[in-house]
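In the UniProt record's numbering, the protein residues as written are 1 to 128.
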């Protein structure tokens with residue numbers, strides 16, 4: 001198995017063929033970073049899932065299921081999963097970068113509120 005841990009290069013921190021540019025967000029099990037592919041120069045998001053936080057919680061199967069389902073999805077409202085890989089510490093999902101960021105953050109930053117009815121209309125558009 002390839003050792004994918006972050007390592008220093010002339011570009012900064014790298015994960016496999018990706019230069020890590022900055023963190024985008026953090027959740028209970030994962031951190032998402034903005035990164036750039038060193039081969040194609042494409043900017044992507046890399047979701048780094050900490051295996052120590054998912055082991056023994058039936059979460060490993062859930063992560064595998066997420067990868068399996070996500071790899072089959074093709075929809076303009078769903079970020080593309082380009083590839084994934086893992087090492088002994090983490091699972092890495094290389095995703096299309098959402099250049100406009102998260103809807104929740106956008107609404108918070110612009111002080112936009114949304115009724116339940118409007119939220120259901122937005123969600124319906126996303127899933128159609």
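Virtual Cβ for every residue (Gly too), placed ideally from N, Cα, C.
Please tell me whether residue i and residue j are closer than 8 Å, where the distance is taken between their beta carbons.
i, j, result
"residue 103", "residue 43", "no"
"residue 94", "residue 51", "no"
"residue 61", "residue 46", "no"
"residue 59", "residue 85", "no"
"residue 63", "residue 54", "yes"
"residue 81", "residue 99", "no"
Using the beta-carbon count (16 or more within 10 Å), is residue i buried or exposed?
i, result
"residue 112", "exposed"
"residue 78", "exposed"
"residue 14", "buried"
"residue 74", "exposed"
"residue 19", "buried"
I believe residue i touches residue j by the beta-carbon criterion, under 8 Å. Please report the beta-carbon distance rounded to the nearest angstrom.
i, j, result
"residue 24", "residue 32", "5 Å"
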